[in-house]
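J.: What follows is a structure written as structure tokens; I'll ask about it next.
In the numbering used here, the protein residues as written are 42 to 742.
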């Protein structure tokens, strides 16, 4: 090509030379969301889109005898709306060491300002599918060496025998700078690699820094089902890999397992891998960091891996070689290791309460940075296993918080709607320089359990003790109850000491029943609380239950029926059944023929708790009057602690003849003899109208 050239596959009418034709009215390529968007959360609505393309009008089909379909060796070149496939030579050109360096388009060393857009590389213009025997033998696009200001956007790049995009490692080659690879679908490359090369979706290689790429942006691409890595980046610096979907790469069965990751970063520095969906690596890791090759090989460092989605990768989500989980050793940063082998966070508590997720734990002491928390991928197989502990993949980014090293204060994420009890979370640590850890050990997500109970029941009735969680759990929540008697005793109620909240439910309850006894007693209380909980955190407070007594004894009254003046008797209050409480009785007296001065009666009775009766004293007063029989009634005026079943009791007071010797001046003397008629009629045995008690001479006179 010459400088300032545009190669376009747009077709124009041969009549006017201006009307654009559409003789290939097909849409090819995938219509799909890519990446997870700038919030780091899949399916939240901010994801980038690829939308396929209209089939190009112009396509070039090569043969395996031609090394390159387009050879770009000049600056300021535009290639657009093309279809090109089938190139790659069986005979290697001079200076080329393997077949992957041949193919459909080559950009020669140090070209500048080249654009490829809206084109189909690797398949026919009619459909973006594997062309089979017409497959490109080498790669779809080859960077011979360094290049600058390159834009590769909105293309379909697939089904090459080797790589989709390739910069092969050569000593002394300058890096790619200011390169943008965006909006492309890069599919199915490297499944039939020539000469056993290991074809990737994007393969940018070099042997040492400054490396294969500087200031390169690989953004918003769908990179899927390639034979080796989705992206292989050797000794890159300042490269950003953002908002891509990398899925199902490492699909080539003839490719070494060491070359079959979704992303492989070799010996790079100052790289960012962010907002990508990285899932389903066929046999290996989501992202692998490893030492470079060649003399003075160095590890990959300062590789920031943040807010990506992982899941179902057959190796680790993030693997800082050596293979398998690098268990924390407390050294925090180790020179010579991938990303300095920064320790992953340790999560000691993960608790979901409604939509609030609380995280407690620690990071390596003395090393400040950021903790990112993820929901574990449900399809990850629970991650790698080390000593029976599982280290999962972060499927859904939940949020982040800053830490200064050591134990961190509990951090709560609000409005978390995609976590329930029984799921798992995991986390990564990113230091101030971007060095990112592997994922932490899975942390079980607990949900807090609380307790409630029927606060008051009556003897003979039943209540409920209820355990409640704020969100459902994948597993049963088992609760053990403890009871403490306050004024109640064990035999005052029945109890169950365990509650199980079934998986998927928010609460469960057990009954308790207050014993229906016959004792009149005070209200009784006990408390119930959770003493242990399985698959939940115990947030319960003790619940007080009051048992109301339903027994109320009856009270009756009795009294000494007849008393002679000067004698004392009793008024007795008697309960039908025992009461544990005192019963207070107030008495009332109603005069019959007696007057208030004829007696002295107690006005109250207290029956102590546990006794069945008590008495009040009643005294028939001596009045030295000669009088007839007198009566008074006693009854219960009021009672507390029992029901009043009493009837009024009559007490008869008899005259005391030993004391009635003085006539009553009010007595009548009908015969005028100066002796009271009442006296004359008392003990007059000789009928002489003079009482014998006064006739002391016994002669009846």
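Where is the CB? At the ideal position from N, CA and C, for every residue including glycine.
Quick one: using the 10 Å Cβ neighbour count with 16 as the cut-off for buried, is residue 241 buried or exposed?
T.: Position 200 of the chain shown holds residue 241. By the neighbour-count rule (16 or more Cβ atoms within 10 Å), residue 241 is buried.
J.: Closest to residue 653 by CA distance: which of 683, 510, 673, 352 is it?
T.: As a position in the chain shown, residue 653 is number 612, starting the count at 1. Cα-wise, what sits closest to residue 653 is 683.
J.: Residue 458: buried (16+ other C-beta within 10 angstroms of its C-beta) or exposed?
T.: Locating residue 458 in the chain shown gives position 417, counting from the first residue. The residue in question, residue 458, is exposed, as its Cβ has fewer than 16 Cβ neighbours within 10 Å.
J.: In whole angstroms, give me the CA-to-CA distance for residue 268 and residue 43.
T.: By one-based count along the chain shown, residue 268 stands at place 227. By one-based count along the chain shown, residue 43 stands at place 2. Cα to Cα, residue 268 sits roughly 35 Å from residue 43.
J.: Just verifying my parser: in three-state terms, what is the DSSP assignment at residue 659?
T.: The sequence position of residue 659 within the chain shown is 618, counting from 1. Here residue 659 sits in strand by DSSP.
J.: Would you report the Cα separation of residue 312 and residue 48, rounded to the nearest angstrom?
T.: One-based indexing of the chain shown puts residue 312 at position 271. One-based indexing of the chain shown puts residue 48 at position 7. About 34 Å.
J.: Taking just the CA atoms, how far does residue 195 sit from residue 45?
T.: As a working mapping, residue 45 is identified with position 4 in the chain shown. As a working mapping, residue 195 is identified with position 154 in the chain shown. Near 21 Å, if we compare the C-alpha coordinates of residue 195 and residue 45.
J.: Does the structure place the segment 432-448 close enough to the segment 481-496 that three or more beta carbon pairs sit under 8 Å?
T.: These segments touch.
J.: From the DSSP output, in three-state form, read off residue 571 for me.
T.: If you number the chain shown from 1, residue 571 lands on position 530. It is a strand residue.
J.: Does the segment 91-111 touch the segment 354-367, meaning 3 or more C-beta pairs lie closer than 8 Å?
T.: Output reads no: the segment 91-111 does not touch the segment 354-367.
J.: Counting only runs that start and end within the segment 523-587, where is the beta strand (DSSP E) found for 3 or more residues in a row?
T.: Runs of the beta strand (DSSP E) inside the segment 523-587: 539-542, 548-554, 565-575, 577-579.
J.: Quick one: is residue 216 buried, meaning 16 or more other Cβ sit within 10 Å of its Cβ, or exposed?
T.: Residue numbering aside, residue 216 sits at position 175 when the chain shown is read from its first letter. Burial call: buried.
J.: For residue 61, which beta-bridge partners are listed by DSSP?
T.: Looking up residue 61 in the chain shown gives position 20. 53, per the DSSP bridge assignment.
J.: Rounding to the nearest angstrom, what Cα-Cα distance links residue 505 and residue 392 in this structure?
T.: Taking the chain shown and counting its residues from 1, one reaches residue 505 at position 464. Taking the chain shown and counting its residues from 1, one reaches residue 392 at position 351. Rounded to the nearest angstrom, the two C-alpha atoms are 27 Å apart.
J.: For residue 417, which residues from the same chain have a beta carbon less than 8 Å from its beta carbon, with the 5 sequence-adjacent residues on both sides left out?
T.: The residue labelled residue 417 in the question sits at position 376 within the chain shown. Same-chain partners within the cutoff: 423, 424, 433, 434, 435, 436, 464, 465, 466, 467, 483.
J.: Quick one: what's got a C-beta closer than 6 Å to residue 120's C-beta in the same chain, skipping five residues either side?
T.: By 1-based counting over the chain shown, the position of residue 120 is 79. Excluding positions up to five away in sequence, the list reads 48, 157.
J.: Please report the Cβ distance between residue 570 and residue 610, rounded to the nearest whole angstrom; I am assuming they are in contact, meaning their Cβ atoms lie under 8 Å.
T.: Numbered from 1 along the chain shown, position 529 holds the residue referred to as residue 570. Numbered from 1 along the chain shown, position 569 holds the residue referred to as residue 610. So it is not a contact: roughly 57 Å between Cβ atoms.
J.: Sort out for me which residues DSSP pairs residue 641 with in a bridge.
T.: Numbered from 1 along the chain shown, position 600 holds the residue referred to as residue 641. 660, per the DSSP bridge assignment.
J.: When you compare each of 72, 280, 286 to residue 271 by their alpha carbons, which one comes out closest?
T.: To locate residue 271, count along the chain shown from 1; it is residue 230. The shortest Cα separation from residue 271 among 72, 280, 286 belongs to 286.
J.: Pull the bridge partners of residue 275 from the DSSP assignment, please.
T.: Here residue 275 refers to the residue found at position 234 when the chain shown is read from its first residue. DSSP output for residue 275 lists 307 as bridge partner(s).
J.: In whole angstroms, what is the alpha-carbon distance linking residue 579 and residue 451?
T.: Taking the chain shown and counting its residues from 1, one reaches residue 579 at position 538. Taking the chain shown and counting its residues from 1, one reaches residue 451 at position 410. Cα to Cα, the separation comes out at about 17 Å.
J.: By the 10 Å Cβ neighbour count, where 16 or more other Cβ atoms means buried, how is residue 503 classified, buried or exposed?
T.: One-based indexing of the chain shown puts residue 503 at position 462. Per the 10 Å Cβ criterion, exposed.
J.: Of all the options 565, 345, 83, which has the alpha carbon lying nearest to the alpha carbon of residue 469?
T.: Within the chain shown, numbered from 1, the residue matching residue 469 stands at position 428. Residue 345 is the option with its Cα nearest to residue 469.
J.: Report yes if the CB atom of residue 628 is closer than 9 Å to the CB atom of residue 661, and no otherwise.
T.: Stepping through the chain shown from its first residue, residue 628 is reached at position 587. Stepping through the chain shown from its first residue, residue 661 is reached at position 620. No, they are not a contact pair.
J.: Can you list, in chain order, the residues of its chain with a C-beta nearer than 6 Å to that of residue 282? Leave out the 5 residues immediately preceding and following it.
T.: In the chain shown, the residue the question calls residue 282 occupies position 241. Excluding positions up to five away in sequence, the list reads 259, 314.
J.: Among the residues of its own chain, which have a CB less than 8 Å from the CB of residue 547, if the five just before and after it don't count?
T.: The count along the chain shown starts at 1 and reaches residue 547 at position 506. Once the five neighbours on either side are set aside, the close Cβ partners of residue 547 are 509, 510, 511, 512, 513.
J.: Tell me, please, whether the segment 587-603 touches the segment 400-417 by the rule of three or more beta-carbon pairs shorter than 8 Å.
T.: Touching, no, given that fewer than three Cβ pairs across the two stretches are closer than 8 Å.
J.: To the nearest whole angstrom, what separates the beta carbons of residue 358 and residue 327, a pair I think is in contact under 8 Å?
T.: Walking along the chain shown from the start, residue 358 turns up at place 317. Walking along the chain shown from the start, residue 327 turns up at place 286. The pair is a contact, with the Cβ atoms about 4 Å apart (cut-off 8 Å).
J.: Since residue 122 contacts residue 160 with CB under 8 Å, what's their CB separation in whole angstroms?
T.: Taking the first residue of the chain shown as 1, we reach residue 122 at position 81. Taking the first residue of the chain shown as 1, we reach residue 160 at position 119. Correct: roughly 6 Å between the Cβ atoms.
J.: Going along the chain, which residues of its own chain have a beta-carbon closer than 6 Å to the beta-carbon of residue 572, five neighbours each way excluded?
T.: Start at 1 with the first residue of the chain shown, and residue 572 comes out as number 531. Result list for residue 572: 521, 523, in chain order.
J.: Which runs of the beta strand (DSSP E) at least 3 residues long sit entirely within the segment 309-338? Give them in chain order.
T.: Qualifying beta strand (DSSP E) stretches, in chain order: 310-315, 318-320, 328-331.
J.: For the beta strand (DSSP E) containing residue 220, list its first residue and its last residue.
T.: Start at 1 with the first residue of the chain shown, and residue 220 comes out as number 179. Counting along the chain, the beta strand (DSSP E) containing residue 220 begins and ends at 217-223.
J.: Where does residue 141 fall in DSSP's three states?
T.: Within the chain shown, residue 141 is the residue found at index 100, counting from 1. Helix, per DSSP.
J.: Residue 399 lies in the beta strand (DSSP E); which residues open and close that run?
T.: Sequence index remark: in the chain shown, residue 399 carries index 358 (1-based). Segment 397-404, the beta strand (DSSP E) holding residue 399.
J.: Quick one: any contact between the segment 126-133 and the segment 178-198, if contact means 3 or more CB pairs under 8 Å?
T.: They touch, by the three-pair rule.
J.: Output the boundary residues of the beta strand (DSSP E) element that contains residue 90.
T.: To locate residue 90, count along the chain shown from 1; it is residue 49. 89-95 is the span of the beta strand (DSSP E), which, as asked, contains residue 90.
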